[in-house]
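Per my numbering, the sequence shown starts with residue 1, numbered consecutively. The beta-carbon is built from N, C-alpha and C at its ideal position, and this holds for glycine as well.
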Amino acid sequence: MASASFLLSECLEIIFSKLTEYPSSDVKINVPTKDLYSCTLVSRHWCRVATPLLYAYPFHHFRYNYSRQNYYKLIRTLLSCIQQFDKNVLQLPHNDINSNITFNYIPLIRGLVFNKFMFRTKLICDEYNKRIWLSEYNLKNISDTSIITIMDNLIKFICKHCNNLTTLEFSFLIRNDDDIIKLLTLKGHNGESKLSNLKELYYPRHILYSQNINILNSFYLSPLNNVHNLKLLYVCKDGFNSDTKARLLSKFISSQKMLQHFILSGTIKYENEYNFDNEEVLANFFNKLLYNDNNDYSFIINSLTTQSETLQILEFIDLGNIIINLNSLQSFKNIRKLKLDKCMINDLHYWLMDLKNLKVFEITKYDTTESSLFKLIQSIQSITSNLAKLIINDECEFNDYTELYKQIPLYLYSLTHLKLPHILVLELIPIFNSCTNLVYLSVVLLEEETEMLNRLGKSVPKTLKRIQFRKLLGTSRISAPYELLEAFLEACVNNGSILKYVEYECKDLEKSNDNVTERYGIKVIKYSK
């Protein structure tokens, strides 16, 4: 029986791990919890197996534009894990309510995100918020100063008792940074700190903007000089507004042994948040930092060349008018995924010709000029024919991509995943005819004739399993008639298509979906951004 129980737990863990999403490298994506949380409610046995997975990255459930209520419920849960003797040591007030917790969740934590809800006094002491996370205490007897102390001590307790961190994210300037960093970097009896196995480090905000010399030297990079095995590093350009900070970053990058993924971004803008007035000044500084090979700052990108053998994923996000110099990138020949989001690289197509292993290319257009589109066409022509995934993002519906779409069947016939802006059926059919390995397609389809949708369905590649119509008919109607979709699906089935899912914008979807699924064997899902 014990053996069977052990095997059952192993099997459950494997199953639950499939429901678990590891934190995305996109700091705007929260880790969902619904499926895994439901598993904890089935039985005690399921709960014991699922809970360590659910609480491995609890703060990543509230990473971007999240509910204050749910975040402070998490804080309340973690606060309840502190035993009474620990509460006395940490100067936490006595509570009259005895919390019966099933697990001590804190040692299960593998990822920390330091954000404003932990450190901004106005939020911590907000009347509504504190009634949530301090619901077990008599708030009439606790001053705001004591409330701040409670939160600070809880954060220290988490840092002291969490184990084997794999991901660490600084999204806000933290108080008592020396104490917190010491707790994370302090070596235990085995000679290792909690960051010894750190794989991902994020600085997605302008937190490095602070002029506090103590923060500069002790908080951000210097205390992490024993971290050498990062796989991912995410930095915000606005934090490196001095050569001293840039040199710290350069030294840190050079010390890595196996960096695979590097992300350089502009400031992530959160809702209702203050923006720096001198953002343009910082952008101009960083422009010089990246572009001019003759100045003292070129060591930033040059330091990445030390990782040229292992670096496989490179992302430049929302850099605005910053221009990245091609000379700084030519040593990176092992890139498999390249993401360019609203930024410019001079002579990009020359570099793309050297990226023989490139499998994923994603670009979000920064401007709408003809020269910009011409450069994009050059890039498509320069990409290796082995490219598997192409994503082109552009919200402007007036750009003409006709010439670009003509290049895809000629150069990118190995695609399996394709996302395009607005397109006509007559532009899409040649792509279907050439890209015979296509599995996923996402488009804004500019058609409103049943005959054209029927022609498109007849041309669908036999391999295509999922298609997403982000918008059908462009802006001519709020939602397309359901008959158009049926014409497309009927042609797909008659063509022997193996299409399984269609995402579609339609107001009549709910009442028609079951009939369509039964008739065509294709699941129709309502599209939402």
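Same chain, Cβ closer than 6 angstroms to residue i, neighbours up to 5 away in sequence not counted
i, result
"Arg336", "Gln312, Asn357 and Lys359"
"Ser328", "Ile301"
"Tyr202", "Glu169 and Tyr234"
"Lys523", "Tyr501 and Thr517"
"Leu340", "Phe316 and Ile363"
"Asn104", "Cys81"
"Cys492", "Gly457, Val460 and Leu499"
"Leu352", "Ser379, Ser382 and Ile383"
"Leu79", "Leu154"
"Leu441", "Leu418 and Ile467"
"Tyr520", "Leu489 and Val493"
"Cys47", "Thr40"
"Leu184", "Cys159, Lys194 and Leu195"
Buried/exposed call for residue i, threshold 16 Cβ in 10 Å
i, result
"His45", "exposed"
"Cys39", "buried"
"Asn212", "Interpretation of Asn212 is limited by its pLDDT of 46, a score under 50 that renders its predicted location unreliable; the figure taken from the coordinates is listed afterwards. It counts as exposed."
"Gln69", "exposed"
"Gln307", "buried"
"Ile467", "buried"
"Met151", "buried"
"Leu139", "exposed"
"Asp347", "exposed"
"Met452", "buried"
"Leu282", "Caution applies to Leu282, whose pLDDT of 40 falls short of 50 and renders its modelled position unreliable; the value that the coordinates give is listed next. Leu282 should be labelled buried."
"Ile14", "exposed"
"Met118", "buried"
"Ser303", "buried"
"Gln330", "exposed"
"Pro32", "exposed"
"Lys462", "exposed"
"Gly111", "buried"
"Ser372", "exposed"
"Thr167", "buried"
"Ser476", "A caution first: Ser476 carries a pLDDT of 48, below 50, which makes its placement in the model unreliable, though a value can still be read off. Label assigned to Ser476: exposed."
"Ser143", "exposed"
"Glu505", "buried"
Close-in-space but distant-in-sequence residues of the same chain around residue i (CB under 8 angstroms, 5 per side omitted)
i, result
"Leu415", "Leu387, Ala388, Lys389, Leu390, Ile408, Cys435, Asn437 and Leu438"
"Phe16", "Leu36, Cys39, Val49, Ala50 and Leu53"
"Asp354", "Gln330 and Lys333"
"Ile377", "Glu403, Leu404 and Gln407"
One or two residues paired with residue i in a DSSP bridge
i, result
"Asp341", "Ile317 and Thr364"
"Phe398", "DSSP, once it has assigned bridges, lists no residue as partnering Phe398."
"Gln407", "Paired residue(s): none; Gln407 is not in a bridge."
"Val235", "Tyr203 and Leu264"
"Leu168", "Leu112 and Leu201"
"His417", "Lys389 and Tyr440"
"Glu503", "Gln468 and Ile525"
"Ile324", "Ile345"
Supposed close pair residue i, residue j - CB separation, criterion 8 angstroms
i, j, result
"Leu428", "Leu456", "6 angstroms"
"Phe114", "Phe172", "6 angstroms"
"Ser459", "Asn433", "6 angstroms"
"Asp232", "Gln260", "Per the sequence shown, the amino acid found at residue 232 is Leu instead of Asp. Going by Cβ atoms, the distance from Leu232 to Gln260 rounds to 7 angstroms, so yes, they are a contact pair."
"Leu230", "Lys199", "6 angstroms"
Residue-level contact to chain D via CB, residue i, 9 angstroms cutoff
i, result
"Pro421", "In summary, chain D is missing from the structure at hand, where a single protein chain is found."
Nonlocal neighbours in the same chain, by C-beta distance under 7 angstroms from residue i, ignoring five residues either side
i, result
"Pro186", "The question names Pro, but residue 186 is Leu in the sequence shown. Taken in chain order, the residues that qualify are Ser193."
"Ile392", "Ile363, Lys419, Leu420 and Pro421"
"Asn129", "Arg68, Tyr72 and Leu123"
"Asn163", "Pro107 and Lys194"
"Leu424", "Leu446 and Glu447"
"Glu21", "Val31 and Pro32"
"Asp126", "none"
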